[in-house]
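Written below as C-alpha cells is the structure these notes are about.
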Amino acid sequence: MSGENWQVFMTFGFFIILLSVCGLYCLLVTRNLIRAIIGLELLFKAVTLLIIVVGYVTGRNALTQAIVITVIVIEVVVAAVAGGIALRVFRHTNGLDARELKKLRG
Amino acid sequence: MPSLLIFIPLFGIVILNLPFGKAMRNAAFWFALAVFIVQIVLAITHQPIFWGNEIEQMDAFFRVNFSVDQLSFVMLLCIGLVSLTSLLVMRDTIFDINERFKFINLLMLASMGMSGIVMVTDIFTMYIFLEITAIASFILIAFEKDVYALEGAFKYMVLSALASVLILAATAILLLGAGSASFTAIADAIHRTDNNLIAVAMGLFVCGLLIKGGMVPFHGWLPDAYGAASPAVSVLLAGIVTKAAGIYTLIRALNSILGFDANIKALLLALGTISILVGAFAAIGQKDFKRMLAYSSISQTGYIVLGFGCATPLAIAGAVFHLFNHSIFKSLLFVNSAAVETRLGSTDMDRAGGLAQKMPITGFTSVIGALSAAGIPPLSGFWSKIIIVVALWQAGHTWYAATAIMASIITLAYLLAMQRKVFFGKLALGLEDIEEARLGIRAASVMLAAIIIGFGVLFPSAYAIFIAPIGEMFIK
Numbered sequence: 009m010s011g012e013n014w015q016v017f018m019t020f021g022f023f024i025i026l027l028s029v030c031g032l033y034c035l036l037v038t039r040n041l042i043r044a045i046i047g048l049e050l051l052f053k054a055v056t057l058l059i060i061v062v063g064y065v066t067g068r069n070a071l072t073q074a075i076v077i078t079v080i081v082i083e084v085v086v087a088a089v090a091g092g093i094a095l096r097v098f099r100h101t102n103g104l105d106a107r108e109l110k111k112l113r114g
Numbered sequence: 311m312p313s314l315l316i317f318i319p320l321f322g323i324v325i326l327n328l329p330f331g332k333a334m335r336n337a338a339f340w341f342a343l344a345v346f347i348v349q350i351v352l353a354i355t356h357q358p359i360f361w362g363n364e365i366e367q368m369d370a371f372f373r374v375n376f377s378v379d380q381l382s383f384v385m386l387l388c389i390g391l392v393s394l395t396s397l398l399v400m401r402d403t404i405f406d407i408n409e410r411f412k413f414i415n416l417l418m419l420a421s422m423g424m425s426g427i428v429m430v431t432d433i434f435t436m437y438i439f440l441e442i443t444a445i446a447s448f449i450l451i452a453f454e455k456d457v458y459a460l461e462g463a464f465k466y467m468v469l470s471a472l473a474s475v476l477i478l479a480a481t482a483i484l485l486l487g488a489g490s491a492s493f494t495a496i497a498d499a500i501h502r503t504d505n506n507l508i509a510v511a512m513g514l515f516v517c518g519l520l521i522k523g524g525m526v527p528f529h530g531w532l533p534d535a536y537g538a539a540s541p542a543v544s545v546l547l548a549g550i551v552t553k554a555a556g557i558y559t560l561i562r563a564l565n566s567i568l569g570f571d572a573n574i575k576a577l578l579l580a581l582g583t584i585s586i587l588v589g590a591f592a593a594i595g596q597k598d599f600k601r602m603l604a605y606s607s608i609s610q611t612g613y614i615v616l617g618f619g620c621a622t623p624l625a626i627a628g629a630v631f632h633l634f635n636h637s638i639f640k641s642l643l644f645v646n647s648a649a650v651e652t653r654l655g656s657t658d659m660d661r662a663g664g665l666a667q668k669m670p671i672t673g674f675t676s677v678i679g680a681l682s683a684a685g686i687p688p689l690s691g692f693w694s695k696i697i698i699v700v701a702l703w704q705a706g707h708t709w710y711a712a713t714a715i716m717a718s719i720i721t722l723a724y725l726l727a728m729q730r731k732v733f734f735g736k737l738a739l740g741l742e743d744i745e746e747a748r749l750g751i752r753a754a755s756v757m758l759a760a761i762i763i764g765f766g767v768l769f770p771s772a773y774a775i776f777i778a779p780i781g782e783m784f785i786k
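Line by line, the protein sequences give chains A and B. Be aware that the first sequence starts at 9, since it is given in our numbering, and climbs by one per residue. Be aware that the second sequence starts at 311, since it is given in our numbering, and climbs by one per residue.
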C-alpha cells in the first residue's frame with residue numbers, strides 16, 4: 009500500500025469508525041425497536057463504506073462492487089424482516105418499547 | 311455435481327410458489343421429504359458419480375465453486391437428518407395447509423443455506439449462505455407470532471446482524487491483505503505477511519462466528535430463541551443451524567485460513583470450558599423443558615470447541631464426531647419436548663409427571679437421548695466424549711480433561727432430574743387420558759434413537775469410515 013493510498017484509507021477509516029460507534033451507541037442505549045433497527049443499518053453502512061475503500065486502495069473495484077451490491081441486497085432483506093417483526097410486536101403490545109419484551113431472560 | 315444440492319431446492323421453491331393452486335401446496339411436503347432423503351443417502355454413500363462430476367456450464371453460469379471433503383460429508387449428513395426430523399415434527403404440529411406451505415419453503419431455504427455453508431470455498435460466498443440461513447431462521451422463530459416468539463426472533467436478529475457486520479468487516483480487511491476472497495488466497499497472504507490488521511480481522515471474524523454459534527459469553531439470545539420457537543423450529547435450530555453457522559464455519563476458517571496458533575488454541579480451550587460449565591449450571595435451575603435443553607446445548611457445544619482447541623488429529627476427529635452426535639441426540643430430546651408440548655400444551659416441567667406410562671415410545675427414546683448426552687456407554691455420545699477427554703489428556707491439558715469429565719456428571723444430573731420430573735414418578739393430576747404422540751413425531755424419535763444405539767454399538771467401523779479420515783485431514 010503506497011503512502012497516498014494509506015492516507016485515503018486512514019481518512020475513510022476515521023469516518024467508518026465514527027459511523028460504527030454511532031451505530032453501536034444507538035443499539036446499546038435505545039429501547040425502541042425501530043431505533044435498534046436504525047442502529048443496525050448504521051453499522052451495515054459503516055462496513056459497506058469499508059468495503060468500498062478497500063476496493064479503492066487495492067484497485068480491485070470490480071470485485072468489491074459485486075460484494076457491495078450483494079451486501080446492500082442482504083441488508084435490505086434483514087431490514088424488511090426486522091421491520092416485520094417490529095410491526096408484529098406493535099400489534100401485540102401497542103408500543104415499540106423493548107422493555108415490553110422482557111418476558112424471557114437470556 | 312455438488313451444486314445441485316443448492317440449485318434443486320432453490321428452483322424447487324421458486325416453482326412451488328408459482329400460482330398453480332392447491333396441488334403445489336400438497337406436493338411441497340413430498341418434494342422436501344425427497345430432497346432431504348436424497349441428501350442423506352448421497353452423504354452416507356459418498357457416491358462418486360454425484361460428487362466427482364461437475365456440470366461445467368451450470369457452474370460457470372452461476373459462478374459457483376463448491377468443494378466437498380470428509381468434514382462436509384458429515385455436516386451434509388447432519389443437515390439432511392435434522393431437516394428431515396424437523397419436517398416430520400412439523401407434520402404433527404402445524405395443521406393449516408397455508409402455514410405448512412410457508413414453513414416448508416423456509417425450512418428448505420434454511421437447509422439449502424446450510425448445505426451451501428459447508429461446501430463453499432471463499433469467504434464472501436460463505437457470508438451469503440450464512441445470511442440466507444440466518445434470515446430463514448428469524449422468520450421461522452417468529453412463525454408462532456406470539457410475543458415470546460417475536461422477542462426471541464428479534465434478539466436473534468439483532469445479535470445475528472451484529473455478527474454479520476463483524477464477519478463482513480473481517481472479510482473487507484482480509485481482502486485488503488489478499489486481494490481475493492478465496493480461502494487459499496487469504497491463507498497465502500497471511501503466511502506471506504505478518505500484519506497487525508490481519509490479527510484484527512481474525513479477531514472480528516472469530517467473534518462474529520462465536521455469536522452465531524451461541525458460545526458463552528455471547529449466548530444471551532440462544533435460550534430465548536430455542537425456547538420460544540415452535541417445536542419443529544427448535545429441533546432445526548438446536549440440531550444444526552447454530553452448529554453449521556457458528557461451529558463449522560469456525561473450524562473451516564481456522565483450518566483453511568488461519569491455521570491453529572497457540573493464542574487461538576488457548577482461547578478456544580478457555581471458551582469451551584466456560585461454555586461447558588455455564589451451560590451445565592444454568593441448565594440445572596431451569597423449569598422449562600425446552601430452555602433446559604437450550605442451556606444443555608450451550609454446554610455440549612462447549613465440548614466441541616474444547617476438542618477443536620486441543621487441535622490434535624484425535625481431538626478434532628472427536629470434536630466432529632461429537633458435533634454429529636450432538637445434532638442427533640439434541641434433535642431427539644427436542645422431538646420429545648415437541649411430543650410433550652403437543653399433548654400437554656406447555657413444556658413446563660412442574661406440570662408434567664409420569665408421562666412414560668402414557669407415552670411409552672417418547673419416554674423410552676428420551677432416556678436414550680439423555681443417556682447419550684450425558685455420555686453413558688455404549689451409546690454414541692459416550693464415544694465422542696471419551697475421545698475428546700483422551701485427546702486432551704494426551705496433549706497434556708489434564709485440568710481441561712478433568713473439567714470435561716466433571717461437567718459430564720452435572721449433565722447426567724440435570725437430565726436425570728428432567729426424566730424424573732417429566733416422564734417418571736407419579737402421573738400428574740389431570741393427565742389421565744393423555745395419549746402417545748402422533749405418527750410423525752414417533753417415527754422421528756425412533757429413527758434418531760436407532761441412530762444413537764447403532765452408532766454406539768457399531769462404533770469401531772463407524773469410526774474408521776466416517777470420523778478417522780477427518781482427523782487425518784487436519785495433519786499438515
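We put the beta carbon where it would ideally sit given N, CA and C, even for glycine. All figures in this text were calculated on a predicted structure; none of them were measured in a lab.
Residue i: first and last residue of the uninterrupted alpha helix (DSSP H) it sits in
{"i": "residue 525 of chain B", "result": "That residue, residue 525 of chain B, is in no alpha helix (DSSP H); it is neither H nor E in DSSP."}
{"i": "residue 761 of chain B", "result": "749–767"}
{"i": "residue 586 of chain B", "result": "572–594"}
{"i": "residue 558 of chain B", "result": "Per DSSP, residue 558 of chain B belongs to no alpha helix (DSSP H) and is neither H nor E."}
{"i": "residue 369 of chain B", "result": "366–372"}
{"i": "residue 96 of chain A", "result": "69–101"}
{"i": "residue 472 of chain B", "result": "457–488"}
{"i": "residue 717 of chain B", "result": "708–732"}
Per-residue contacts from residue i into chain B (C-beta, under 8 Å)
{"i": "residue 51 of chain A", "result": "471, 472 and 475"}
{"i": "residue 93 of chain A", "result": "448, 452, 460, 463, 464 and 467"}
{"i": "residue 16 of chain A", "result": "Ordered by position in chain B, no residue passes the 8 Å Cβ test against residue 16 of chain A, which lies about 12 Å from the chain."}
{"i": "residue 101 of chain A", "result": "457"}
Under 9 Å by beta carbon: chain A residues contacting residue i
{"i": "residue 485 of chain B", "result": "59, 62, 63, 66, 68, 71, 72 and 75"}
{"i": "residue 489 of chain B", "result": "66, 67, 68 and 71"}
{"i": "residue 445 of chain B", "result": "82, 85, 86 and 89"}
Beta-carbon contacts of residue i that lie in its chain and below 7 Å, excluding the five residues immediately before and after
{"i": "residue 694 of chain B", "result": "628, 631, 632 and 635"}
{"i": "residue 773 of chain B", "result": "none"}
{"i": "residue 601 of chain B", "result": "533 and 537"}
{"i": "residue 407 of chain B", "result": "335"}
{"i": "residue 6 of chain A", "result": "It is not possible to answer for residue 6 of chain A, since the shown part of chain A is limited to 9 through 114."}
{"i": "residue 76 of chain A", "result": "56, 59 and 60"}
For residue i, three-class secondary structure by DSSP
{"i": "residue 1 of chain A", "result": "With chain A covering only 9 through 114, there is no way to say anything about residue 1 of chain A."}
{"i": "residue 637 of chain B", "result": "helix"}
{"i": "residue 498 of chain B", "result": "helix"}
{"i": "residue 534 of chain B", "result": "helix"}
{"i": "residue 393 of chain B", "result": "helix"}
{"i": "residue 430 of chain B", "result": "strand"}
{"i": "residue 376 of chain B", "result": "strand"}
{"i": "residue 105 of chain A", "result": "strand"}
{"i": "residue 406 of chain B", "result": "coil"}
{"i": "residue 492 of chain B", "result": "strand"}
Contacts of residue i in chain B (Cβ-Cβ under 9 Å)
{"i": "residue 41 of chain A", "result": "464"}
{"i": "residue 29 of chain A", "result": "Near residue 29 of chain A there are no residues of chain B at all, since even the closest Cβ is about 13 Å away, more than 9 Å."}
Beta-carbon neighbours of residue i, restricted to chain A and to distances below 7 Å
{"i": "residue 434 of chain B", "result": "75"}
{"i": "residue 441 of chain B", "result": "82"}
{"i": "residue 567 of chain B", "result": "Correct list: empty, because the minimum Cβ distance to chain A is about 17 Å."}
Same chain, Cβ closer than 6 Å to residue i, five either side skipped, listed in chain order
{"i": "residue 345 of chain B", "result": "319"}
{"i": "residue 720 of chain B", "result": "590"}
{"i": "residue 463 of chain B", "result": "448, 451 and 452"}
{"i": "residue 748 of chain B", "result": "402"}
{"i": "residue 777 of chain B", "result": "627 and 631"}
Same chain, Cβ closer than 8 Å to residue i, neighbours up to 5 away in sequence not counted
{"i": "residue 413 of chain B", "result": "400, 404, 450, 453 and 542"}
{"i": "residue 459 of chain B", "result": "451, 452, 453, 538, 539 and 540"}
{"i": "residue 34 of chain A", "result": "43, 44, 46, 47 and 50"}
{"i": "residue 331 of chain B", "result": "none"}
Length of the line joining the Cα atoms of residue i and residue j
{"i": "residue 595 of chain B", "j": "residue 49 of chain A", "result": "37 Å"}
{"i": "residue 311 of chain B", "j": "residue 418 of chain B", "result": "19 Å"}
{"i": "residue 380 of chain B", "j": "residue 735 of chain B", "result": "44 Å"}
{"i": "residue 722 of chain B", "j": "residue 692 of chain B", "result": "12 Å"}
{"i": "residue 63 of chain A", "j": "residue 713 of chain B", "result": "47 Å"}
{"i": "residue 758 of chain B", "j": "residue 745 of chain B", "result": "21 Å"}
Chain-ordered neighbours of residue i on chain D, where CB pairs are closer than 8 Å
{"i": "residue 37 of chain A", "result": "The structure shown contains no chain D; its protein chains are A and B."}
Chain A residues whose Cβ lies nearer than 8 Å to that of residue i
{"i": "residue 438 of chain B", "result": "78 and 82"}
Contact set between residue i and chain B, taken where Cβ atoms lie within less than 7 Å
{"i": "residue 48 of chain A", "result": "468 and 471"}
Closer than 8 Å: residue i CB and nearest the ligand ADP heavy atom
{"i": "residue 410 of chain B", "result": "The ligand content of the structure shown is nil, which means the ligand ADP is not present either."}
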